Amino acid sequence: MRIVGLTGGIASGKSTVSNLFKLHGIPVVDADLVARDVLKIGTGGWKKVVAAFGEDILLDNGEVDRAKLGHVVFSDPDKRQLLNRLLAPYISSGIFWEILKLWMKGYKIIVLDIPLLFEAKMDKWTKRIIVVWVDPETQLQRLMERDRTSVEEAKNRIQAQMPLNLKKTKADIVIDNTGSREELNEHFQRVLTHVSKPLTWSEFALSRQGAFVASILIFVGVIICRKTL
Ligand SMILES: CC(C)(COP(=O)(O)OP(=O)(O)OC[C@H]1O[C@@H](n2cnc3c(N)ncnc32)[C@H](O)[C@@H]1O)[C@@H](O)C(=O)NCCC(=O)NCCS
Ligand SMILES: Nc1ncnc2c1ncn2[C@@H]1O[C@H](COP(=O)(O)OP(=O)(O)OP(=O)(O)O)[C@@H](O)[C@H]1O
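In this text, residue positions in the sequence shown follow my numbering: the first is 668, and each later residue adds one.
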């Protein structure tokens, strides 16, 4: 199995690139969706967060008020680190289960869309890493437009992550998403060709099909040994 990491800065275009992968039949594990699941009412993550941040961050129906919690953690690095520490184990195991489900379905190539891939040291799980990069002004503009936030709020969110230029230096593949969607599509086709190359032997061995072949070989080996002994 080939596990490709997809990361970048907030609003750099990871979800847009993820959607292109999905359109081409490559499944994506979205860490933001996993992070939402682990904060669902009554879950272990929800209990930890309520115990640490108090009931003030809840809506009347008991769900986490994401906007309020976001406001708290993106303006206070200590509180953000606390939230990250509390949720990290739940998010990693959630991602692991998603990978396992795709493995069992027989997918040979999967993409992990993880905004904090480097920050959370999950880059060790991935074979190749794609960083979606944009120039800083475009990033700020797109973030403010998408989330309808103030400049200050948007800058707080951008500064809560490892600088995008540093992430770029750690990438195997950089997608520059500063241009139009058409330019992104063109660039994506080249990335898709690269990502879809035939699996190496070690990647094949890690796939469900590889495990199947290995078990057949072991079975045949045992039969031969029994007959010859
Ligand atoms: C603080 C929360 C409630 C705010 O929710 P909100 O709906 O406003 O934002 P959403 O979850 O859609 O995240 C949007 C983007 O913010 C960035 N972001 C989210 N959490 C963090 C964080 N802890 N540090 C830095 N950036 C973050 C990511 O780029 C993400 O794509 C939420 O982001 C959260 O629970 N964060 C902690 C979990 C986490 O680390 N998520 C990232 C997955 S690796
Ligand atoms: N090439 C592009 N041209 C114009 N707008 C774009 C382009 N790529 C992405 N966008 C827009 O920019 C915004 C951010 O993109 P997207 O949501 O894909 O970023 P993201 O990296 O997944 O963000 P987050 O970290 O918050 O999950 C969205 O509104 C998206 O529609």
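Backbone N, C-alpha and C fix where the C-beta goes; we use that ideal spot for every residue, glycine too. Everything numeric in this text was worked out from a predicted model, so none of it was measured.
Worksheet item: Excluding sequence positions up to five away, which residues of its chain have a Cβ less than 6 Å from the Cβ of N823?
Response: To locate residue 823, count along the sequence shown from 1; it is residue 156. Hits under 6 Å: F741, S742.
Worksheet item: What number of angstroms, rounded off, separates the C-alpha of K837 from the C-alpha of L896?
Response: For the purposes of this step, residue 837 is taken as residue 170 along the sequence shown, with counting starting at 1. For the purposes of this step, residue 896 is taken as residue 229 along the sequence shown, with counting starting at 1. C-alpha separation (whole angstroms): 53 Å.
Item to complete: Compute the distance between the beta-carbons of V695 and V798, then report whether it is under 8 Å.
Response: Sequence index remark: in the sequence shown, residue 695 carries index 28 (1-based). Sequence index remark: in the sequence shown, residue 798 carries index 131 (1-based). No, they are not a contact pair.
Discussion item. Across the region 793-811 and the region 837-855, are there enough close Cβ pairs to call them in contact, namely three or more that are closer than 8 Å?
Written reply: yes
Discussion item. To the nearest angstrom, how far is the alpha carbon of N852 from that of L673?
Written reply: Translated into the one-based positions of the sequence shown, residue 852 becomes position 185. Translated into the one-based positions of the sequence shown, residue 673 becomes position 6. When rounded, the distance between both Cα atoms is 16 Å.
Practice prompt. For N751, verify whether its CB is less than 7 Å away from any heavy atom of ligand 1.
Written response: As a first step, residue 751 must be located in the sequence shown, where it is residue number 84. Yes, Cβ of N751 sits closer than 7 Å to a heavy atom of ligand 1.
Worksheet entry | Neighbourhood of F871 by C-beta, 6 Å cutoff - its chain only, sequence neighbours within 5 removed | Working through the sequence shown from its first residue, we reach residue 871 at position 204. Cβ within range, chain order: G877.
Worksheet item: Roughly how many angstroms separate the alpha carbons of S874 and W868, rounded to a whole number?
Response: By 1-based counting over the sequence shown, the position of residue 874 is 207. By 1-based counting over the sequence shown, the position of residue 868 is 201. Distance between the alpha carbons of S874 and W868 is about 10 Å.
Discussion item. Here's the rule I'm using: 16 or more other beta-carbon atoms within 10 Å means buried, otherwise exposed. How should V889 be labelled?
Written reply: Counting from 1 along the sequence shown, the entry for residue 889 is found at position 222. With fewer than 16 other Cβ atoms within 10 Å, it is exposed.
Practice prompt. Answer yes or no: do K775 and L884 have a C-beta to C-beta separation smaller than 8 Å?
Written response: Walking along the sequence shown from the start, residue 775 turns up at place 108. Walking along the sequence shown from the start, residue 884 turns up at place 217. For K775 and L884, no; Cβs fall outside 8 Å.
Worksheet item: Should the region 752-764 be called in touch with the region 708-726, which here means at least 3 C-beta pairs below 8 Å?
Response: yes
Discussion item. Is I883 close to ligand 1? I mean its beta-carbon at under 7 Å from any heavy atom of the ligand.
Written reply: Within the sequence shown, numbered from 1, the residue matching residue 883 stands at position 216. No heavy atom of ligand 1 is found nearer than 7 Å to the CB of I883.
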